[in-house]
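Asks:
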Amino acid sequence: MRRLTRVIKEKFGSEYEVQPFGSTRYGVSSSEADVDMVIIDPSRPHGISPDDKRKQPAIYDVRRVADTLRRAGFTQIKSIPRASVPIVQFRDPLTSLDCDININERLGIFNSDLINAYCSNMVTLRPLLFSIKTWAKSKGLNSSNPPSGELRSFSSYALTMMTIGFLQHRGYLPNLQAHLPPLEASGYNMNFWRTRPRPTCCDCRFYTKPPSWKQPPHLPNQQGLLRDWFQFWAHEFKYNTQMVSIREGGIVERRDTNDVSNLVLTTSMPLSGPPFLSIPIRVMDPFIVEKNVACSVSARAMERFARECGEWTRNGQ
Numbered sequence: 021m022r023r024l025t026r027v028i029k030e031k032f033g034s035e036y037e038v039q040p041f042g043s044t045r046y047g048v049s050s051s052e053a054d055v056d057m058v059i060i061d062p063s064r065p066h067g068i069s070p071d072d073k074r075k076q077p078a079i080y081d082v083r084r085v086a087d088t089l090r091r092a093g094f095t096q097i098k099s100i101p102r103a104s105v106p107i108v109q110f111r112d113p114l115t116s117l118d119c120d121i122n123i124n125e126r127l128g129i130f131n132s133d134l135i136n137a138y139c140s141n142m143v144t145l146r147p148l149l150f151s152i153k154t155w156a157k158s159k160g161l162n163s164s165n166p167p168s169g170e171l172r173s174f175s176s177y178a179l180t181m182m183t184i185g186f187l188q189h190r191g192y193l194p195n196l197q198a199h200l201p202p203l204e205a206s207g208y209n210m211n212f213w214r215t216r217p218r219p220t221c222c223d224c225r226f227y228t229k230p231p232s233w234k235q236p237p238h239l240p241n242q243q244g245l246l247r248d249w250f251q252f253w254a255h256e257f258k259y260n261t262q263m264v265s266i267r268e269g270g271i272v273e274r275r276d277t278n279d280v281s282n283l284v285l286t287t288s289m290p291l292s293g294p295p296f297l298s299i300p301i302r303v304m305d306p307f308i309v310e311k312n313v314a315c316s317v318s319a320r321a322m323e324r325f326a327r328e329c330g331e332w333t334r335n336g337q
């Protein structure tokens, strides 16, 4: 990352920094995991609001960033300027790590720091997340953007939100976004503007440790939590009527009113209840409140997930 930072500073200006986000930032990444990064623009700490009429610096052009990385010796470079978050994908030839980098889209940092705060409130959360991610990858259930023809399933971020929501539901984790003062009265600005698909102001505040919450005195060990996690997703969670929202405290009543496509029934799951809607699971982002971070999960992947969770509860693998 130091080498990448040096390249960016030399080309675009010494004011820019590069920071990681995702599992690398909160300590649950594996040695071969992809690395997500963001170039920090200190002149726009809250993103680009609708009334910000300043000309964007050259660094916001991901094609120019891609060209800079290519000249610096990075490989397999691809710029994606029309994505909801424009990025450059590339490989570091020294480490063989695949990387994504965006420009000043800081919500990934806020999300990662929120997850890190939850990990600080429960020492077994990091190893639990690592075990779940390892299991999902082994079952082909940890790829939200797979190669053509492969199953669209869960991102690591979606699995993390599902796990925190499950632990909140069990009473093992607090809601770090509950009982915040009104934004204008909080005394500090922790909002961030997201520009695509439309300008949205996100309240990114959270407690690191809520003042009134106490952890239960007797928590299951990691193996017990893992067993309970599989039991919950195989047999307890009501996919048709419930959703995950850690901002609201874990598992809440499902709302589909903003999803016109959800009016179409497409398939059914190997669970009791009516057929699934066209979006088989809703896992809401804690800051972009209308965003379902599991929207790419296919019905077939959802069926496999429920089946594999049930298989684990029977056989422990």
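According to my numbering, the sequence shown is numbered sequentially starting from 21. Cβ atoms here follow ideal geometry from the backbone N, Cα and C, with glycine treated the same way.
#1: Can you tell which of K159, S51, I123 has the C-alpha that lies nearest to the C-alpha of T115?
#2: Here's the rule: buried if 16 or more other CB atoms are within 10 angstroms of the residue's CB, otherwise exposed. What is S176?
#3: How far does the alpha helix (DSSP H) with L246 in it extend, from its first residue to its last?
#4: Thinking C-alpha only, which one of G42, A326, S168 is nearest F150?
#5: F252 and T333: beta carbons closer than 7 angstroms?
#6: From the DSSP secondary-structure annotation, give me the bridge partner or partners of Q39.
#7: Return the CA-CA distance between R274 and R64, expressed in angstroms with no decimal places.
#8: Which residues bound the beta strand (DSSP E) around M263?
#9: Use the C-beta contact count for T154: other C-beta atoms within 10 angstroms, 16 or more gives buried, fewer gives exposed.
#10: May I have the straight-line CA-CA distance separating D112 from W233, to the nearest angstrom?
#11: Can you grab the Cα-Cα spacing for the pair D56 / D248, in whole Å?
#12: What span of residues does the alpha helix (DSSP H) with C329 cover, start to end?
#13: Would you check if there are 3 or more beta carbon pairs closer than 8 angstroms linking the segment 307-318 to the segment 164-173?
#14: Closer than 7 angstroms by C-beta to K29: which residues in its own chain qualify, once you throw out the five before and the five after it? Chain order, please.
#15: Does DSSP put T287 in a helix, in a strand, or in coil?
#16: Quick check: the segment 225-241 against the segment 138-145, are there 3 or more CB pairs under 8 angstroms?
#17: Hey, how far is the Cα of Q254 from the Cα of R324?
#18: Going by DSSP in three states, S104 sits in which element: helix, strand or coil?
#19: So, are the CB atoms of G78 and S99 less than 7 angstroms apart?
#20: Determine whether the beta carbon atoms of V264 and G330 lie at a separation below 7 angstroms.
#21: Please report the straight-line C-alpha distance between A321 and S158, rounded to a whole angstrom.
#22: Beta-carbon within less than 6 angstroms of L187's beta-carbon, same chain only, minus the 5 sequence neighbours each way: which residues are those?
#23: Helix, strand or coil: how does DSSP classify E151 here?
#24: Give the straight-line distance between the Cα atoms of R26 and D223, rounded to the nearest whole angstrom.
#25: DSSP state of C139, grouped into three classes?
#26: For D81, report the span of its alpha helix (DSSP H) as first-last.
#27: Helix, strand or coil for T44? Go by DSSP, reduced to three states.
#28: In terms of residues, what are the limits of the beta strand (DSSP E) holding R64?
#29: Would you mind giving the Cβ-Cβ distance between I152 and V58, rounded to the nearest angstrom? I have them listed as a contact below 8 angstroms.
#30: Roughly how far, in whole angstroms, is the beta-carbon of I60 from the beta-carbon of Q39, given that I think they are within contact range, below 8 angstroms?
#31: If the criterion is Cβ atoms closer than 7 angstroms, does the pair V317 and S173 meet it?
#32: Going by C-alpha distance, which of P306, Y259, L239, L246 is nearest R267?
#33: Please report the straight-line C-alpha distance between G270 and M182, rounded to a whole angstrom.
#34: With a cut-off of 8 angstroms on the beta carbons, I'd call I97 and R214 a contact; round off their distance for me.
Replies: Let's see:
#1: Working through the sequence shown from its first residue, we reach residue 115 at position 95. If we check each option's Cα against that of T115, S51 comes out closest.
#2: On the sequence shown, residue 176 is found 156 positions in, with the first residue counted as 1. It counts as buried.
#3: The residue given as residue 246 occupies position 226 in the sequence shown. Run containing L246: 242-251, per the alpha helix (DSSP H) assignment.
#4: As a first step, residue 150 is located in the sequence shown; it is residue number 130 there, counting from the start. Checked all of G42, A326, S168; the closest Cα to F150 is G42.
#5: Sequence index remark: in the sequence shown, residue 252 carries index 232 (1-based). Sequence index remark: in the sequence shown, residue 333 carries index 313 (1-based). No, the pair does not count as a contact, with Cβ atoms beyond the cut-off.
#6: Start at 1 with the first residue of the sequence shown, and residue 39 comes out as number 19. V58.
#7: Residue numbering aside, residue 274 sits at position 254 when the sequence shown is read from its first letter. Residue numbering aside, residue 64 sits at position 44 when the sequence shown is read from its first letter. R274 and R64: Cα-Cα distance of roughly 35 angstroms.
#8: For this step, residue 263 is matched to residue 243 along the sequence shown. That run of the beta strand (DSSP E) goes 262-265.
#9: Taking the first residue of the sequence shown as position 1, residue 154 is located at position 134. Exposed, because fewer than 16 other Cβ atoms sit within 10 Å of the Cβ of T154.
#10: Taking the first residue of the sequence shown as 1, we reach residue 112 at position 92. Taking the first residue of the sequence shown as 1, we reach residue 233 at position 213. Going by the C-alpha atoms only, they are around 44 angstroms apart.
#11: The residue labelled residue 56 in the question sits at position 36 within the sequence shown. The residue labelled residue 248 in the question sits at position 228 within the sequence shown. Roughly 30 angstroms separates the two Cα atoms.
#12: Counting from one through the sequence shown, the residue named residue 329 turns up at place 309. 319-335 is the span of the alpha helix (DSSP H), which, as asked, contains C329.
#13: Under the three-pair Cβ rule at 8 angstroms, the segment 307-318 counts as touching the segment 164-173.
#14: In the sequence shown, the residue the question calls residue 29 occupies position 9. Cβ within range, chain order: Y36.
#15: Here residue 287 corresponds to residue number 267 of the sequence shown, with the count starting at 1. Note that T287 scores 30 on pLDDT, short of 50, meaning its location in the model is unreliable and no value can be drawn from it.
#16: yes
#17: What you label residue 254 is simply residue 234 of the sequence shown in a count that begins at 1. What you label residue 324 is simply residue 304 of the sequence shown in a count that begins at 1. Rather than Gln, the amino acid found at residue 254 in this sequence is Ala. Those two C-alpha atoms are separated by around 11 angstroms.
#18: Within the sequence shown, numbered from 1, the residue matching residue 104 stands at position 84. Note: S104 maps to coil in three-state DSSP.
#19: Numbered from 1 along the sequence shown, position 58 holds the residue referred to as residue 78. Numbered from 1 along the sequence shown, position 79 holds the residue referred to as residue 99. The amino acid at residue 78 is misidentified as Gly; the sequence shows Ala. No.
#20: Residue numbering aside, residue 264 sits at position 244 when the sequence shown is read from its first letter. Residue numbering aside, residue 330 sits at position 310 when the sequence shown is read from its first letter. In this structure, G330 does not lie closer than 7 angstroms to V264 by Cβ.
#21: To locate residue 321, count along the sequence shown from 1; it is residue 301. To locate residue 158, count along the sequence shown from 1; it is residue 138. Distance between the alpha carbons of A321 and S158 is about 14 angstroms.
#22: To locate residue 187, count along the sequence shown from 1; it is residue 167. Contacts found: L193.
#23: As a position in the sequence shown, residue 151 is number 131, starting the count at 1. Here the sequence assigns Ser to residue 151, which means Glu is not the residue at that position. Three-state DSSP puts S151 in a helix.
#24: Sequence index remark: in the sequence shown, residue 26 carries index 6 (1-based). Sequence index remark: in the sequence shown, residue 223 carries index 203 (1-based). Computed Cα separation, rounded: 32 angstroms.
#25: What you label residue 139 is simply residue 119 of the sequence shown in a count that begins at 1. If DSSP states are grouped into helix, strand and coil, C139 belongs with the helices.
#26: Here residue 81 is taken as the residue at index 61 of the sequence shown, counted from 1. First-last for D81: undefined, no H or E at that position.
#27: For this step, residue 44 is matched to residue 24 along the sequence shown. T44 falls in the helix class under three-state DSSP.
#28: Taking the sequence shown and counting its residues from 1, the one referred to as residue 64 is at position 44. R64 -> no beta strand (DSSP E), and no H or E assigned at all.
#29: Taking the first residue of the sequence shown as position 1, residue 152 is located at position 132. Taking the first residue of the sequence shown as position 1, residue 58 is located at position 38. That belief does not hold up - the Cβ atoms of I152 and V58 are roughly 25 angstroms apart, past 8 angstroms.
#30: Position 40 of the sequence shown, counting from 1, holds the residue named residue 60. Position 19 of the sequence shown, counting from 1, holds the residue named residue 39. So it is a contact: roughly 6 angstroms between Cβ atoms.
#31: Here residue 317 refers to the residue found at position 297 when the sequence shown is read from its first residue. Here residue 173 refers to the residue found at position 153 when the sequence shown is read from its first residue. Closer than 7 angstroms, so yes.
#32: For the purposes of this step, residue 267 is taken as the residue at position 247 of the sequence shown. Considering only alpha carbons, the answer is P306.
#33: Taking the sequence shown and counting its residues from 1, one reaches residue 270 at position 250. Taking the sequence shown and counting its residues from 1, one reaches residue 182 at position 162. Each residue's Cα considered, the two are about 8 angstroms apart.
#34: Taking the sequence shown and counting its residues from 1, the one referred to as residue 97 is at position 77. Taking the sequence shown and counting its residues from 1, the one referred to as residue 214 is at position 194. Between R214 and I97 the Cβ distance is about 25 angstroms, and since that is not below 8 angstroms, they are no contact.
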